[in-house]
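Reviewing the structure listed below.
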Amino acid sequence: MKINKFFKFKDNKLLLISILSFGSVAGALVSQYVYDMQPCSWCILQRIVFIVIGIVSLIFYINSKMKIIGFGLVSIFSSLGIMVAMYQFFVASKNFDCNISIAEKIIVATGLNNIPELFGIYALCADLSPLIFGIPYVLWSCIMFLGIMIISDICVFNTVKLNRVIEK
Numbered sequence: 213m214k215i216n217k218f219f220k221f222k223d224n225k226l227l228l229i230s231i232l233s234f235g236s237v238a239g240a241l242v243s244q245y246v247y248d249m250q251p252c253s254w255c256i257l258q259r260i261v262f263i264v265i266g267i268v269s270l271i272f273y274i275n276s277k278m279k280i281i282g283f284g285l286v287s288i289f290s291s292l293g294i295m296v297a298m299y300q301f302f303v304a305s306k307n308f309d310c311n312i313s314i315a316e317k318i319i320v321a322t323g324l325n326n327i328p329e330l331f332g333i334y335a336l337c338a339d340l341s342p343l344i345f346g347i348p349y350v351l352w353s354c355i356m357f358l359g360i361m362i363i364s365d366i367c368v369f370n371t372v373k374l375n376r377v378i379e380k
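Take 213 as the starting number for the sequence shown in the numbering used here and just add one per residue.
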């Protein structure tokens, strides 16, 4: 009985990850359109990563046969999101030049700049980052990526461990 509960809860974790990812994008849009916190190119790149994580987790939530692959991909994309957020926090936010960044090149190359309501770049990374409960906005994004990665990694390790027990 407990194994069935574990599998049911694990199955719902991909849905939870999808909700967290799309919720993060929704929160960013509320910040932008309600509170006038305009995004920079690295903020937009983080939105893209959240959307990719949301789509991947939703696809593998629906396709129940390969969930471990979904958790693995979510973990990889979450790592990428953490790297993007950390780069923004430690490097891009201190860079005052107006050269086109790699984030802008990616957004333009993918054509996502043609959807400015969602992917429009309206600020520089060097602009003052707003604080929420004393923590810079970009670090909240990093915390969300980290939380998603931890959930995903726990599911991967538990699935591998459970498969080893079943094989014995």
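Beta carbons are placed, not taken as given, at the ideal position from N, Cα and C, and that holds for glycine.
With DSSP as the reference, label residue i as helix, strand or coil.
i	result
L336	coil
I344	strand
T322	coil
M295	helix
F219	Low confidence applies here, because F219 scores a pLDDT of 45, under 50, leaving its location unreliable and the question unanswered by this model.
N307	coil
V350	helix
M249	coil
S313	coil
I327	coil
Relative to the alpha-carbon of residue i, which residue among the options has its alpha-carbon at the smallest distance?
i	options	result
Q258	F272, F301, Y245, S276	F301
I344	I363, S243, V237, E316	S243
W254	I366, I231, L292, T371	L292
L228	A240, G323, G266, I281	G266
I260	I281, S236, L270, K277	S236
I355	L324, N307, F262	F262
The alpha helix (DSSP H) with residue i in it runs from where to where?
i	result
Y273	253-274
Which whole-angstrom value describes the C-beta separation of residue i and residue j, a residue pair presumed to lie in contact below a C-beta threshold of 8 Å?
i	j	result
V264	A297	In fact, because the Cβ distance is near 15 Å, the residues do not count as touching under 8 Å.
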